[in-house]
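One structure below.
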Amino acid sequence: MSQLQKLPVSVGLLAHVDAGKTTLSEALLYLSGARRTLGRVDHRDAFLDTNTLERQRGITIFSKQALLSTEHLDVTLVDTPGHVDFSAETERTLSILDCAVLVINSTDGVQAHTVTLWNLLARYQVPTFLFINKMDLPGMERAALLEQLQKQLSPGCLDFGQDMAQIEENAAMCDEALLETYLQTGTVTQGNMRGLIAGRKVFPCCFGSALKLDGVEELLNVLDYYAPQKDYSSVFGAKVYKITRDPQGNRLTWLKITGGSLNVRSPLTYSPREGESITEKILQLRLYSGDKFTAVEQVSAGGLCAVTGLSTTFAGQGLGSEPSSDPPVLEPVMTYRITTTADPATVLPKLRQLEEEDPQLHLLWDNHTRQIHVQIMGRVQLEIFRSLVKERFNLDITLDDPRIFYKETIENTVEGVGHFEPLRHYAEVHLILEPLPRGSGLVFDTVCSTDVLDGNFQRLIMGHLSEKAHRGVLTGAPITDVKITLTNGRAHLKHTEGGDFRQATYRAVRQGLMQAKSTILEPWYDFALTLPTELIGRAITDIRAMSGDFDAPENNGPLSTLRGIVPAAELKDYADQVAAYSQGKGRLHIALHGYAPCHNQAQVVEELGYDPEADLDNTPDSVFCAHGAGFTVKWHQVSEYMHLESSLKVEKPQIITRNLRADDKELEAIMEREFGPIRRKQYTEPANRPAEEKLTIRPLKQQYLIVDGYNMIFAWDNLAETAKNDLDAARRMLLDDLSSYAGFRKSRVVVVFDGYKRKGNPGEKFTFHNLQVVYTAEGETGDAYIEALVSEIGTNYNLRVATSDSLVQLASIRSGVLRMSARELREEVEIAKKEMRKHY
Ligand SMILES: Nc1nc2c(ncn2[C@@H]2O[C@H](COP(=O)(O)OP(=O)(O)OP(=O)(O)O)[C@@H](O)[C@H]2O)c(=O)[nH]1
Ligand SMILES: [Mg+2]
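What follows is the structure, encoded as C-alpha cells:
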C-alpha cells in the first residue's frame with residue numbers, strides 16, 4: 015500500500031497518573047520507527063513531556079501529540095495527563111479521538127480514576143484498547159488482572175495475547191448476532207472484529223511493559239489490524255479541541271478535520287459567539303509531533319492539525335458543518351483569590367490568555383472588590399498555575415482564600431417573571447424554571463409562539479439566558495441542572511430598547527429562583543483508601559467524620575481497601591494524614607464523583623451570609639410604570655402587576671386577580687364594594703410555604719380581542735374627526751385598521767357597535783374580511799353584549815377587551831380578562847400597520 019493511502023487515525027493514551035502513558039508513547043514511537051532514540055521520563059528527555067514544568071516533575075500536564083505510521087495507518091498519538099487535577103485537559107481530547115488506549119498499571123489494577131476515565135470513554139463513545147503495563151514488576155497475575163477488568167470495566171475486555179481461535183470464540187460471545195454466524199462458519203472476520211471494537215462490545219487487552227519494550231509491538235499490531243475506520247463527509251467540518259501558544263507567542267487553534275479538507279491561506283468563516291460571524295484566513299497549517307512541526311498545504315478529513323490566523327476560536331467549538339460540543343463534565347471544585355503587587359485590571363487580560371487555553375479556570379472578576387478569582391482542581395494544578403503565570407508573564411501571584419465551588423439547583427417548578435418599564439422602556443418576560451436530573455447543567459428552550467413575541471426578541475432572550483452565570487438565591491453560587499423555558503413575553507415596538515429584555519430576563523430568572531425551593535450542591539470525590547488491615551478502623555472513623563459514605567471494607571490479607579464517596583470540602587489534606595498515620599504504607603486514590611447535595615447546607619448558607627435581595631446586580635424585583643414614572647415592585651408582588659397572563663396552571667381553584675395594574679386601584683375599590691373583598695394569592699415566606707401546589711405549563715391560547723367600536727371611534731383622533739361629518743366612513747376606517755391588525759396578530763377580533771338607542775333596530779351580525787362585526791339590537795347595550803360574550807368565550811382564549819367603559823372593565827377583571835384602553839389598542843394597531851408595510 016502506498017504512503018498516501020494510509021488511513022488517518024487519532025489514538026489517545028489515557029490512564030491515571032504514573033501508569034506509564036508517556037513511557038508507552040516513547041516505546042510506540044521507537045518501535046514503529048518514528049524515532050531512533052528512546053527517551054525516558056525519568057531522564058527528563060521524554061519526547062512528549064516537552065514543557066519545563068513537566069520535565070522537572072516527571073508528570074504530563076498538557077496533552078500532546080506525535081506522529082507515527084504502521085503498515086496501514088497514519089497514527090496521531092495523543093498523550094494525555096493522568097493526574098486528577100488535569101482531568102479536564104484529558105476530557106477535552108476525547109471528542110477528537112478515533113480510539114483510545116487505556117493504560118492500566120498492573121501493580122495498582124483498576125483505580126477510582128480509571129473508572130472515571132472509563133465512564134468518560136463510554137460517554138464520548140470512544141472505542142477502547144487496554145494496555146496493562148508494568149508487567150515486569152511483581153504484582154497481580156495476568157489472569158487475576160483480566161478478571162478484575164472484566165468485572166469492574168466490562169465483560170468485553172478480552173485477552174488479545176491468546177491464540178486467534180480463542181480470541182474469536184470469546185469475541186463471538188459478546189454479540190448475539192455474531193455468535194450465530196460464528197457457530198456456522200467457525201471464524202470471526204477482521205471486519206466483524208473491527209465492528210465489535212468500534213461498537214464498544216469488545217475491548218482488546220494487551221499485557222506488557224512499556225519500559226522494557228515488552229508487548230508493545232503486539233499492541234501496535236492489534237491497533238494496525240483493528241483500529242476503527244471512519245467514513246468522512248466531503249463537506250468541510252472541523253472540531254476545535256485546544257488553544258495554545260507557540261514559543262513565539264502565535265495563537266494556535268488545534269483542529270480535527272471531520273469532513274472535507276482545509277487549505278492553507280483559505281478564508282474560514284466561523285461564529286465566535288452566538289449570533290456573530292467572523293472570517294479569517296488560515297495562515298499556517300501545522301502537523302505537530304512533540305514540539306516540532308511541519309507546515310503543510312492541506313489537511314484532509316480525519317487529520318489533526320494546529321492552525322495559525324484564527325483569533326477567537328475556543329475549545330469545543332464546531333467549524334463548518336460540525337456543531338459545537340457540550341461543555342466538559344469534569345470541572346474544578348475549588349476557587350482561589352489571586353493577589354499580585356501589580357494592578358489587577360492589567361493582570362486580568364494576561365490571565366485571560368491562560369483561561370483561553372484552559373477554559374475550566376473560569377476566571378471571575380469581581381468589580382466591587384476588584385479581585386480576581388480562579389477555579390482550580392487541586393493542589394498540583396494550583397502550583398502549576400502559579401509557575402505558568404511566572405514563566406509566561408514574569409508575574410508573581412499568590413493564591414489564597416480557598417473555597418469550595420458550590421452550585422445551586424431547584425427542587426420544584428416555578429414561573430419567573432421579569433418586567434422592565436422605566437419611562438420609555440418596555441419588556442416583560444415569563445420563564446418556567448424546572449429541575450433536571452444531576453449533571454444535566456442548564457438547558458434553555460422556548461415554547462413561546464412568534465405570534466406572541468417576535469422571533470428576534472425571543473433570540474435576544476435566549477442569548478441573555480446563556481450569556482451569564484445565573485446566581486442562586488441561597489449563596490449566590492451559579493445554578494445548574496435547571497431547564498429554563500421561555501413561555502411568554504411582550505415588547506413595545508416603540509419603547510422597547512436594546513437592553514430592556516436583558517433586564518427583564520435576568521430579573522425573571524431571579525424572581526423564579528426566589529419562589530423555588532433551592533438546594534446547594536457540592537463536589538464529591540470517589541475514593542479508594544488502601545491501608546494495612548489493622549488501620550482500617552481508624553480510616554472508617556475518619557471518613558465518617560467527613561460525612562463520607564462507603565461500602566464494607568475489602569480485605570486482601572495484610573491490606574484492606576475502603577471505597578466510597580466523600581465531600582471534597584472535607585477531604586482537604588487527608589492524603590498527607592494517611593501517609594503519616596500509615597507510615598507511608600497507605601494510599602488514597604481519588605476521582606471526581608460529581609456534584610451532589612451538600613452535606614452541611616445550613617452551615618454553608620450561614621457562613622456565606624448571602625442576602626439575595628441585597629445583591630443589586632442580580633435583583634429579583636421588577637420595574638413597572640405608572641403616571642409616566644417607573645417604580646420598583648418587589649419580587650413577591652410582581653405577579654400582581656405583570657401585564658401577561660401566568661404560564662403556569664395552578665391545579666386548584668383560585669380567583670384570578672392578576673393583571674391588575676397600579677392605576678386600577680380605583681376599580682378595585684368599586685369591585686370590593688360590589689363583590690366583596692378580593693382574595694389575592696398570599697405570599698408567604700419560603701420556610702413556611704404551604705404544601706406544594708401542582709403546577710403544569712399552560713399551552714399558549716389563541717388571542718381573542720373584543721372591541722367596543724364607538725368607544726374607539728371617539729377616542730382615536732383621526733376617527734373622531736371623520737365621524738363629525740361621516741360616521742359611516744369612520745366605522746369603515748376603524749374596520750379596515752382592525753382587519754389589518756387581526757391579520758397581522760393572528761387574533762380573532764369582534765367589533766361591537768352599540769345600537770340600543772336606535773328605534774326599531776333589530777341588531778345585526780356580519781363578517782367583514784377577517785372580523786366579526788356586531789350591531790346590538792334596540793335595548794341591548796354594547797356592554798351587556800360584551801359581558802355576555804366574555805362569559806361565553808370563557809377561559810379558552812387569551813381574551814382582551816378594548817374599551818374605556820368602566821362597566822365592562824369590572825366584568826372583564828372579574829373573570830380574569832385583560833383590559834386594553836383605546837390608546838393602547840391604537841398603539842398596537844399602528845405598530846401592526848407599520849410591520850405590515852415592512853413585510854409586504
Ligand atoms: N518498571 C516499570 N516502570 C515503568 C513502566 N512504564 C513506566 N514506568 C515508570 O513509571 C513512571 C511513570 O511513567 P510515565 O510514563 O511518566 O507515566 P504517565 O502515565 O505518563 O504519567 P502522567 O503523565 O504523570 O500521568 C516512570 O518512572 C516510568 O519510568 C514499566 O513498564 N515498568
Ligand atoms: Mg505522562
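Quick note: the sequence shown, position 695, residue 709 per the working numbering, numbers continuous.
By construction, the Cβ of each residue, glycine as well, lies at the ideal position given by its N, Cα and C atoms.
Going along the chain, which residues of its own chain have a beta-carbon closer than 6 Å to the beta-carbon of residue i, five neighbours each way excluded?
{"i": "W132", "result": "L167"}
{"i": "Y755", "result": "V843, A846"}
{"i": "E688", "result": "Here the model assigns E688 a pLDDT of 45, short of 50, so the residue's position is not dependable and the matter cannot be decided."}
{"i": "R855", "result": "Not covered by the structure: residue 855. The range shown for the chain is 15 to 854."}
{"i": "I550", "result": "P567, S574"}
{"i": "Q517", "result": "F434"}
{"i": "N277", "result": "Q312"}
{"i": "K215", "result": "G170, C188, D189"}
At what residues does the alpha helix (DSSP H) containing residue i begin and finish?
{"i": "H478", "result": "469–481"}
{"i": "F434", "result": "Note, F434: premise wrong, no alpha helix (DSSP H); beta strand (DSSP E) at 428–434."}
{"i": "R71", "result": "66–71"}
{"i": "A320", "result": "Premise fails: A320 lies in the beta strand (DSSP E), 318–322, not in any alpha helix (DSSP H)."}
{"i": "R524", "result": "514–529"}
{"i": "L43", "result": "35–45"}
{"i": "L276", "result": "Counting along the chain, L276 falls outside any alpha helix (DSSP H), though it belongs to the beta strand (DSSP E) covering 275–277."}
{"i": "S805", "result": "796–807"}
Give me the residue from the options with the minimum Cα distance to residue i.
{"i": "P341", "options": "L456, V394, D415", "result": "L456"}
{"i": "T355", "options": "L368, L413, E806", "result": "L413"}
{"i": "G330", "options": "D380, V763, S285, G769", "result": "S285"}
{"i": "N614", "options": "Y588, S574, E536, P567", "result": "E536"}
{"i": "E429", "options": "V129, L658, D150", "result": "L658"}
{"i": "L467", "options": "G453, A605, H444, H484", "result": "H444"}
{"i": "L297", "options": "G289, L144, R279, E290", "result": "R279"}
{"i": "I446", "options": "G453, R452, S454, G432", "result": "G432"}
{"i": "E621", "options": "D88, I418, I386", "result": "I418"}
{"i": "R452", "options": "L488, P416, V496, D465", "result": "V496"}
{"i": "H509", "options": "E448, T533, E435", "result": "E435"}
{"i": "Y246", "options": "G175, S480, I554, L21", "result": "L21"}
{"i": "G205", "options": "A185, Q525, D722", "result": "A185"}
{"i": "A359", "options": "I292, D590, H382, S325", "result": "H382"}
{"i": "R521", "options": "L479, G222, D540, T494", "result": "L479"}
{"i": "S730", "options": "A744, N739, Q717", "result": "Checking the sequence shown, residue 730 turns out to be Trp, not Ser. The shortest C-alpha separation from W730 is found at A744."}
{"i": "I146", "options": "V117, T203, Y138", "result": "V117"}
{"i": "L378", "options": "D372, L362, R393", "result": "L362"}
{"i": "I554", "options": "M348, I534, K531, V592", "result": "V592"}
What are the boundary residues of the beta strand (DSSP E) that includes residue i?
{"i": "F76", "result": "No beta strand (DSSP E) holds F76; DSSP gives it neither H nor E."}
{"i": "N569", "result": "568–570"}
{"i": "T199", "result": "Element bounds for T199: not the beta strand (DSSP E) but the alpha helix (DSSP H), 190–199."}
{"i": "I534", "result": "532–546"}
{"i": "Q180", "result": "Here Q180 belongs to no beta strand (DSSP E); instead the alpha helix (DSSP H) covers 178–186."}
Ordered along the chain, which non-local residues of its own chain (more than five positions away) have a Cβ less than 7 Å from that of residue i?
{"i": "T753", "result": "Here residue 753 turns out to be Ser, not Thr, going by the sequence shown. Correct list, in chain order: F782, H783, N784, L785."}
{"i": "L375", "result": "L368, E369, V388, Q389"}
{"i": "D677", "result": "With a pLDDT of only 41 at D677, under the threshold of 50, the placement of this residue in the model should not be trusted; the figure read from the coordinates follows. Cβ neighbours of D677 beyond the five flanking positions: A640."}
{"i": "G623", "result": "none"}
{"i": "Y799", "result": "V766, V788, T790"}
{"i": "L227", "result": "A41, L45"}
{"i": "K848", "result": "none"}
CB-CB under 8 Å to residue i, same chain, minus the five flanking residues each way: which ones, in chain order?
{"i": "P242", "result": "V23, D112, C113, P141, R208, I211, A212"}
{"i": "G332", "result": "G251, A252, K253, V254, S338, S339"}
{"i": "A791", "result": "G769, Y770, N775, P776, G777"}
{"i": "Y595", "result": "L549, R552"}
Hey, is residue i's beta-carbon within less than 7 Å of any beta-carbon in chain D?
{"i": "A80", "result": "This model lacks chain D altogether, as it is built from one protein chain only."}
Closer than 8 Å is the cut-off here; do at least three beta carbon pairs connect the segment 541–549 with the segment 497–508? Touching, no.
Along the chain, which unbroken stretches of the beta strand (DSSP E) at least 3 residues long are found entirely within the segment 752–790? Taking only runs of at least 3 residues, the beta strand (DSSP E) segments lying wholly in the segment 752–790 are 762–767, 778–782, 785–789.
Between the segment 432–449 and the segment 639–654, can you find at least three pairs of beta-carbon atoms closer than 8 Å? They touch, by the three-pair rule.
Could you name each continuous alpha helix (DSSP H) segment of 4 residues or more that falls completely within the segment 81–164, going from the start of the chain to the end? The qualifying runs are 101–108, 126–137.
Does the contact criterion of 3 or more C-beta pairs under 8 Å hold for the segment 756–773 versus the segment 731–740? Not touching, per the Cβ criterion.
Which full runs of the beta strand (DSSP E) of 3+ residues lie inside the segment 333–409, going along the chain? Taking only runs of at least 3 residues, the beta strand (DSSP E) segments lying wholly in the segment 333–409 are 348–353, 378–380, 385–390.
Using 8 Å as the cut-off, can you tell me whether the segment 157–172 makes contact with the segment 46–63, which would need three or more C-beta pairs spanning the two stretches below that distance? Fewer than three beta-carbon pairs drawn from the segment 157–172 and the segment 46–63 are found closer than 8 Å, and the two stretches are therefore not classed as touching.
For the structure I just gave you, are there three or more beta carbon pairs, one from the segment 558–569 and one from the segment 81–90, closer than 8 Å? With a cut-off of 8 Å, the segment 81–90 and the segment 558–569 do not count as touching, because too few Cβ pairs lie within range.
Answer yes if the segment 551–563 comes into contact with the segment 575–584, meaning at least three C-beta pairs across the two stretches below 8 Å, and no otherwise. Result yes; three or more Cβ-Cβ pairs closer than 8 Å.
Contact between the segment 69–84 and the segment 95–107: three or more CB pairs below 8 Å? Judged by Cβ distances under 8 Å, the segment 69–84 makes contact with the segment 95–107, as three or more pairs qualify.
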